Every structure is written in C-alpha cells, then in structure tokens.
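Only one structure is covered here, and it is reproduced in the block below.
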Amino acid sequence: MTYTNHGHHISGTVLNENNRPEHVARCGGPNLCKKCTADAAEAMDSIHKGPLLPANENYQTKAIRLVTEYVVTHLDKTDPVVPFEVYVVWFSKTLRNWKALVSTTLSDGMYYEVTYNGEAEETYVDAYKKFQNIVIRDKLTPAEMKLVGRPREFDENPETD
Ligand SMILES: [Zn+2]
Numbered sequence: 096m097t098y099t100n101h102g103h104h105i106s107g108t109v110l111n112e113n114n115r116p117e118h119v120a121r122c123g124g125p126n127l128c129k130k131c132t133a134d135a136a137e138a139m140d141s142i143h144k145g146p147l148l149p150a151n152e153n154y155q156t157k158a159i160r161l162v163t164e165y166v167v168t169h170l171d172k173t174d175p176v177v178p179f180e181v182y183v184v185w186f187s188k189t190l191r192n193w194k195a196l197v198s199t200t201l202s203d204g205m206y207y208e209v210t211y212n213g214e215a216e217e218t219y220v221d222a223y224k225k226f227q228n229i230v231i232r233d234k235l236t237p238a239e240m241k242l243v244g245r246p247r248e249f250d251e252n253p254e255t256d
C-alpha cells in the first residue's frame, strides 16, 4: 500500500506515479487524520513483514525498503507513526556489488550505508549517526594565513538537535 484510502501518500513507501489516486481527501493525511494514520501504520506493518524480494524491486528500491524496515523497527513503538521519506543520496554499482548511501527526512541525524555483496548474495545495512560537521576551505582568510604552519583549528559545528 502506497496511499491511504483517503488518497494520501504513505511516507516511507516508494512513490508510484502510475497508481496515484485521482481523489485526495482534505483530511490532513497521516499526521492529522485517524483513518489515514491507521492506514499508514498498517502499511508500515506489512512492509516490515513483507517478502524479502518483491519482483518489482530494483537495487535502489531494495536499499530504500531495507532502511525503511530498519527505521520502522527502531521507532519507539509507544509513539504514533511518524511520517517520513527514505531516499538514496548516492548509489554505485560495480560488477555484482553495489552500495547505496541512504537518508531519511527524520531529524534524527541518522545515515545509512547499504552494501550488497554479490559474491555472498548478502546485503549489509550500516547505521550511522552524524557526529560532527567541519568545514575545510580551499582558500584561507587573511587571519588564517597568519596561522599557516601552526596546528589547524577546525571550525566546530557540533550537532544540536
Ligand atoms: Zn484521511
């Protein structure tokens, strides 16, 4: 299920433009409408229990599905279903192996690396949390020029979420 019965896209499912509903109810969707929330929860449940390799899947939708499953199983079960999108940031394939860097719209600082080992026919999901963001500029400011030769002082932007 990609859309609720009221016609709202269920976050965390892969958008399918071919079966986009003609009518979308003005109910507010999965965040505000009880029926849409129930439909979204059911969809997340079926994704979690779903078959391992749907026939219509490609590498990137597989990566999205695995991360969605991971996120859904790690959400706090006592919280209401949080709508979120899962998307591929970067993808590369070499011979039988591929790797996808995957992110979500959740503001949890999490980042996922999905790696397929074609030799072993196994997929690995690594979950990372953003720890720090530093800036290293190519061009130095005049103030920084005076510091050339001294140990670098990184611009610290610690995460504050
Ligand atoms: Zn609704």
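Quick note: the sequence shown uses my numbering, first residue 96, plus one each step.
Even glycine gets a Cβ: it sits at the ideal position worked out from N, Cα and C.
Fair warning: this is a prediction, and the values are worked out from it, not measured in the lab.
| query | Is it the case that the CB of Thr108 approaches a heavy atom of ligand 1 more closely than 7 Å? | reply | no
- Task: State the Cα-Cα distance for the pair Asp134 and Ile231, rounded to the nearest angstrom.
- Result: 46 Å
Can you tell me whether DSSP reads His105 as helix, strand or coil? The question names His, but residue 105 is Ile in the sequence shown. Correct three-state label for Ile105: coil.
### Query
Distance, Cα to Cα, Leu110 vs Val181?
10 Å
Kindly indicate which three-state DSSP category Pro146 falls into: helix, strand or coil? Residue placement at Pro146 is flagged as unreliable, the pLDDT there being 46, under the threshold of 50; the coordinate-derived value follows with that caveat. DSSP places Pro146 in coil when its eight states are reduced to three.
Per DSSP, which one or two residues make a beta bridge with Thr199? Val181
_Three-state class that DSSP yields for Asp221 in the structure shown_ = strand
* Excluding sequence positions up to five away, which residues of its chain have a Cβ less than 8 Å from the Cβ of Gln155? -> Val183, Phe186, Ala195
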